[in-house]
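There are 2 protein chains.
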Amino acid sequence: MKVSLAHGGGGEATKDFIKKEFIEKIKRKSLGAISLDEMDDGASFFVGNKEVVVTTDSHTVRPIFFPGGDIGKLAIAGTVNDIAVMGARPIAITSSFIFEEGFEFEKLRKIVKSIDDLLEKCNIAMLAGDTKVVERGKIDEIVINTSGIGICDRGKTLKDSCLRPGDKIIINGSIAEHGTAVMVARGEFEFEGEVKSDVAPLVTLIDDVMDIGGIHAMKDPTRGGLLSALYEFAEKSEVKIEIYEEDIPIKEEVLYICELLGIDPLCVANEGKVILSVDSEYAEDVLKKMRKNKFGKDAEIIGEVKEGRARVIGITEIGGRRILRPPYADPLPRIC
Amino acid sequence: MKVSLAHGGGGEATKDFIKKEFIEKIKRKSLGAISLDEMDDGASFFVGNKEVVVTTDSHTVRPIFFPGGDIGKLAIAGTVNDIAVMGARPIAITSSFIFEEGFEFEKLRKIVKSIDDLLEKCNIAMLAGDTKVVERGKIDEIVINTSGIGICDRGKTLKDSCLRPGDKIIINGSIAEHGTAVMVARGEFEFEGEVKSDVAPLVTLIDDVMDIGGIHAMKDPTRGGLLSALYEFAEKSEVKIEIYEEDIPIKEEVLYICELLGIDPLCVANEGKVILSVDSEYAEDVLKKMRKNKFGKDAEIIGEVKEGRARVIGITEIGGRRILRPPYADPLPRIC
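So the sequence lines, in the order shown, correspond to chains A and B. Sequential numbering of the first sequence, starting at 69, is according to the numbering used here. Sequential numbering of the second sequence, starting at 69, is according to the numbering used here.
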């Protein structure tokens with residue numbers, strides 16, 4: 069057997085691969101709080117009355133600069149969001165850079181500037197780092213690994229397994245922009261307009277909604293898109309999720325590109341989106357608050373959690389119902 | 069300007085590169101404890117009366133299997149040692165894998181087994197992970213990033229800047245084995261014998277000596293070798309270090325290979341070595357205790373800390389003195 073691109077595509081193939089080749093084979097996976105087994109956005113351990121949340125991500129996006137961002141912005145936003153959706157306040161990152169020999173300083177400086185800007189905006193420290201260089205041709209330009217550290221009160225983390233029947237599902241804006249922007253940036257097909265990646269740190273937005281209350285779970289729908297994230301919710305919480313397909317925000321040009329490429333926008337990566345499962349009594353207040361934040365102005369309630377077999381059901385405007393199948397892999401390789 | 073292999077070689081070139089391109093450009097580098105600026109083996113932050121130490125490393129060794137170890141063992145040992153030399157107890161790692169499409173499962177399973185064995189031995193949890201796959205030819209087989217997390221009482225971390233004149237410098241065994249083993253494994257020159265990498269986790273050894281007391285600083289001399297690590301000690305603590313050159317343990321076959329390649333074994337990477345700066349009153353007890361641990365059986369006192377300009381002086385058996393110059397880069401690329 070050999071590793072294929074699908075094993076890194078964020079869908080069912082990745083999930084199986086990680087379960088069989090890592091989780092089943094590693095004995096020590098827990099320090100008593102959130103463990104590797106849970107395959108959540110991060111894991112945690114207790115220190116006194118606090119809970120420290122950690123997460124890690126390697127970034128291999130191609131191209132490294134794309135409309136709306138670059139690999140540096142992606143690395144910070146992705147990591148920060150993974151911590152924030154666990155209900156913790158991100159406080160620090162570590163960052164490890166692997167360069168291809170010959171990589172231009174000019175490019176590096178742009179990337180470091182993106183990183184610095186975002187760390188500044190989010191009030192997050194870069195605590196530790198590492199740099200390696202490999203021979204020309206032995207890596208594709210640059211790879212950045214970022215690990216994130218966040219903190220919250222003990223027991224206050226939010227897990228994918230905590231959705232409750234009756235919850236409303238909210239998303240903060242329009243989907244599939246990161247994946248399509250990266251695809252367009254590769255220049256492999258003709259497209260006149262511009263699609264910008266949604267890559268953004270969601271710390272302030274999440275701070276805002278946490279103040280309202282009623283949030284049972286959050287997740288950033290990256291590789292594998294919205295549908296993959298919803299399936300993780302459904303399976304871990306053992307609930308059915310019904311989605312009002314027409315209410316999912318999507319920009320026209322994004323839909324156009326997805327149709328052109330023959331891919332389902334529900335399975336395309338986002339890098340500035342969060343889905344929330346919110347107690348129905350709080351849902352309207354959460355929505356209102358989100359819409360006041362620039363990263364949530366197009367927020368919508370897009371579905372509801374029901375009791376039932378763990379799957380995602382799409383409901384059309386005229387009441388049609390269809391089972392939405394979890395993606396085997398993100399249709400676009402190397403988008404993060 | 070372009071990134072060169074020397075920028076990742078762990079010596080003066082790497083230090084300058086990191087200072088100018090990262091440290092001077094990133095504004096937020098501290099949470100009030102040990103910061104990125106200090107360029108120590110790791111950094112830290114406080115949680116109540118505890119101090120959490122973090123570190124990160126990407127591993128790009130070629131070949132990925134070599135006598136004495138593999139990239140998995142290297143990733144865990146390297147990270148665990150970075151935490152332990154800060155005076156903290158390693159408790160968890162995060163691990164991120166990037167595969168080249170087509171990487172054999174058989175190889176992966178060997179690597180994961182190495183990782184699992186070491187985590188088990190050291191009682192360390194793998195808390196979080198990530199997997200990415202890139203197209204064939206876009207990365208050299210596999211890259212593993214590991215971030216480490218350790219914990220100690222607040223204010224009890226050991227820093228490179230804490231050497232004191234009068235301290236003895238101790239090393240736990242013979243040098244330059246990792247770098248030479250990896251070079252031999254590449255098969256680029258003829259050598260009949262076998263050199264094994266010293267790659268090993270030093271948690272138990274460091275636990276042992278911490279019990280004795282009198283330890284002011286520790287460091288694992290990896291990229292850039294013993295000499296690079298001694299220079300970091302000398303510069304950060306603003307002291308002179310005198311080294312008794314004949315007392316530095318080195319195996320004959322390692323010395324032979326270094327001579328064959330025309331490189332200085334003092335600058336070749338180790339992955340199972342630690343140097344300690346120890347109060348002279350405790351030095352003999354620390355040495356005795358180290359020698360009882362299998363990772364310290366060849367331990368020696370190899371030098372002394374003196375007041376004076378920050379540099380490393382080599383003293384020969386017949387009393388000759390020479391200034392040892394810090395290496396510009398590790399003479400061997402991609403050894404970790």
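Heads up, the beta-carbon is just placed ideally off N, CA and C, and yes, glycines get one too. Note that the structure is a prediction, hence the values are computed from the model and not measured.
- A/Gly382 has its alpha-carbon roughly 16 Å from the corresponding atom of A/Glu300.
- Contact annotation for A/Phe173 against chain B: Met69, Lys70, Val71, Glu89 [CB-CB distance below 8 Å, chain order].
- By a beta-carbon distance limit of 8 Å, A/Glu188 does not contact B/Val180. Their separation comes to about 38 Å.
- At a cut-off of 8 Å, the C-beta of A/Ser215 has a neighbouring C-beta in chain B.
- Here B/Tyr396 is not near B/Ala143, since their CB atoms are 8 Å or more apart.
- Burial is judged here by how many other beta carbons sit within 10 angstroms of a residue's own beta carbon; B/Lys200 has at least 16 and is buried.
- In the three-state DSSP reduction, B/Asp235 falls in the coil class, being neither helix nor strand.
- In the DSSP assignment, B/Arg389 forms a beta bridge with B/Ile383.
- Distances from the alpha-carbon of B/Arg402 to those of B/Val211, B/Val153, B/Lys357 put B/Val211 closest.
- Among the residues facing chain A, B/Glu188 is included, as its CB has a counterpart in that chain under 8 Å away.
- Per the Cβ contact rule, the region 203-220 of chain A is in contact with the region 127-137 of chain A (3 or more Cβ pairs under 8 Å).
- Not one beta carbon of chain A lies nearer than 8 Å to the beta carbon of B/Thr272.
- Counting C-beta pairs closer than 8 Å gives fewer than three between the region 230-243 of chain A and the region 94-113 of chain B, which falls short of the contact rule.
- For A/Lys83, the nearest beta carbon of chain B is not closer than 8 Å to its own beta carbon.
- For the region 244-325 of chain A, the full-length beta strand (DSSP E) segments reaching 3 residues or more read 283-287, 308-312 along the chain.
- Among the CB atoms of chain B, one or more fall inside 8 Å of the CB of A/Arg96.
- Within the region 225-255 of chain B, contact with chain A at the beta-carbon level (separation under 9 Å) is assigned to no residue.
- In terms of Cα proximity to B/Val307, the closest of B/Thr272, B/Val373, B/Asp275 is B/Val373.
- For A/Asn149, there is no enclosing beta strand (DSSP E); the residue is part of the alpha helix (DSSP H) that begins and ends at 139-152.
- Per DSSP, B/Glu372 is one residue of the beta strand (DSSP E) stretching across 368-374.
- Counting only residues of its own chain and dropping the five nearest sequence neighbours on each side, B/Phe259 has a CB closer than 6 Å to the CB of Val252.
- Bounds of the alpha helix (DSSP H) holding A/Glu352 are 348-359.
- Around B/Val211, the beta-carbon contacts reaching into chain A at under 9 Å are Ser126, Ile166, Lys200, Val202, Ile207, Val211, Asn213.
- The Cβ of B/Leu195 sits closer than 8 Å to at least one Cβ of chain A.
- For B/Phe113, at least one C-beta of chain A is nearer than 8 Å to its own C-beta.
- Pairwise C-beta distances place the region 316-328 of chain B in contact with the region 356-370 of chain B, as three or more of them are shorter than 8 Å.
- Remark: C-beta atoms of B/Gly216 and B/Ile151 approach each other more closely than 8 Å.
- In the displayed model, B/Glu119 falls within a strand according to three-state DSSP.
- Residues of the region 148-163 of chain B whose Cβ lies closer than 8 Å to any Cβ of chain A, in chain order: Ile159, Ala160, Thr162, Ser163.
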